[in-house]
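In this note's numbering, the protein residues as written are 45 to 374.
Now the structure itself:
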């Protein structure tokens with residue numbers, strides 16, 4: 045019996061070793077990266093996988109991530125080779141897009157991001173050339189359209205995406221060449237208690253007593269909750285195929301005027317129109333292009349999307365819960 049038990053012990057250990065993985069999240073303390081980290085952490089706690097959850101950030105520290113994951117504070121351009129040697133990644137989630145608060149700062153960030161991504165790609169090719177990388181981009185890369193578009197649509201970046209496209213170009217080129225397994229994810233409007241919803245809808249409604257409609261309101265929004273954005277990113281890693289790009293969205297496209305009316309009902313108020321000329325004079329051309337953009341997306345990966353179980357299926361309920369979370373913050 046001892047021999048059988050011993051054999052079983054080593055068999056079990058061997059199976060555990062085979063299952064053990066190192067999953068990396070770059071930008072782990074950011075808006076989307078935090079949710080990706082939380083999802084992977086929860087899945088590991090539920091014994092869906094074993095191994096190290098390697099989290100990296102450049103500036104921001106989130107206490108629970110620092111305490112409960114294998115956390116490292118490195119600029120993207122300075123990730124050391126020794127980290128690859130110690131924790132060779134089996135999966136990399138790239139949610140570390142460098143940002144800026146002006147056109148000039150975004151251009152500087154794009155140049156830095158381009159160089160940092162080249163550095164990272166060189167490390168991956170040297171140490172772990174077959175590792176799948178899920179890169180979080182955005183649907184502003186497609187520009188304006190009235191028709192629903194899938195992943196075959198031409199890249200015509202507008203607004204913030206004009207700078208971001210240059211930063212992510214090393215990844216798109218690697219995906220197109222097939223020399224690496226790079227899966228480009230393009231989420232639409234990511235709805236959560238932060239970012240665009242807070243700054244351009246919720247706070248203006250508190251300040252002026254009405255929810256803004258930017259421009260004529262006919263532009264289409266493809267909305268996804270921040271939780272389902274993280275979920276679809278992990279789904280792309282786990283159920284996607286090499287070099288698959290994917291549009292991430294949670295609901296059917298909605299016109300901005302209808303979205304603003306929905307928000308107004310949830311906040312028990314009404315809407316107000318902000319003319320295009322006023323948007324540009326108040327916020328600048330880049331923000332104007334983003335707020336008036338129309339990018340209704342779909343996906344050609346029907347089976348892949350159908351296999352994902354969304355956390356949010358009711359847009360009104362999502363808006364209500366997001367408002368409650370914002371109220372709790374203030």
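Even for Gly, the Cβ is constructed at its ideal location relative to N, Cα and C.
These numbers were taken from a predicted model, which means no experiment stands behind them.
Beta-carbon separation (whole angstroms), residue i vs residue j, contact threshold 8 Å
i, j, result
"residue 271", "residue 356", "7 Å"
"residue 13", "residue 141", "Because residue 13 is not part of the residues shown, which for the chain are 45 to 374, the question remains open."
"residue 258", "residue 298", "The Cβ separation is near 14 Å, so there is no contact."
"residue 159", "residue 121", "6 Å"
"residue 316", "residue 256", "6 Å"
Span of the beta strand (DSSP E), counted from its first residue to its last, around residue i
i, result
"residue 318", "314 to 318"
"residue 64", "64 to 70"
"residue 114", "114 to 117"
"residue 168", "Per DSSP, residue 168 belongs to no beta strand (DSSP E); it is in the alpha helix (DSSP H), 147 to 171."
Exposure of residue i, with buried meaning 16 or more beta-carbon neighbours within 10 Å
i, result
"residue 209", "buried"
"residue 212", "buried"
"residue 331", "buried"
"residue 46", "Low confidence applies here, because residue 46 scores a pLDDT of 38, under 50, leaving its location unreliable; read the following figure in that light. Flag for residue 46 reads exposed."
"residue 358", "exposed"
"residue 201", "buried"
Simplified DSSP assignment, three categories, for residue i
i, result
"residue 265", "strand"
"residue 288", "coil"
"residue 231", "strand"
"residue 186", "helix"
"residue 364", "helix"
"residue 344", "coil"
"residue 295", "coil"
"residue 199", "coil"
"residue 246", "helix"
"residue 55", "Caution applies to residue 55, whose pLDDT of 41 falls short of 50 and renders its modelled position unreliable; the value that the coordinates give is listed next. If DSSP states are grouped into helix, strand and coil, residue 55 belongs with the helices."
Residue span of the alpha helix (DSSP H) that contains residue i, given as start and end
i, result
"residue 255", "Note, residue 255: premise wrong, no alpha helix (DSSP H); beta strand (DSSP E) at 254 to 258."
"residue 208", "205 to 221"
"residue 96", "That residue, residue 96, is in no alpha helix (DSSP H); its beta strand (DSSP E) goes 94 to 101."
Near the ligand FMN: residue i beta-carbon under 7 Å from a heavy atom
i, result
"residue 122", "Among the components of this structure there are no ligands whatsoever, and the ligand FMN is therefore not found."
Below-8 Å beta-carbon distance, residue i vs any chain D residue
i, result
"residue 188", "The structure shown contains no chain D; it holds only a single protein chain."
Worksheet item: Would you say the region 225 to 233 touches the region 169 to 184, given that touching needs at least three Cβ pairs under 8 Å?
Response: yes
Worksheet item: Should the region 96 to 114 be called in touch with the region 264 to 280, which here means at least 3 C-beta pairs below 8 Å?
Response: no
Discussion item. Between the region 162 to 181 and the region 309 to 318, can you find at least three pairs of beta-carbon atoms closer than 8 Å?
Written reply: no
Worksheet entry | Segment contact, 8 Å Cβ cut-off, at least three pairs: the region 195 to 202 with the region 246 to 255 | no
Worksheet item: Is there contact between the region 281 to 298 and the region 90 to 100, where contact requires at least three CB pairs shorter than 8 Å?
Response: no
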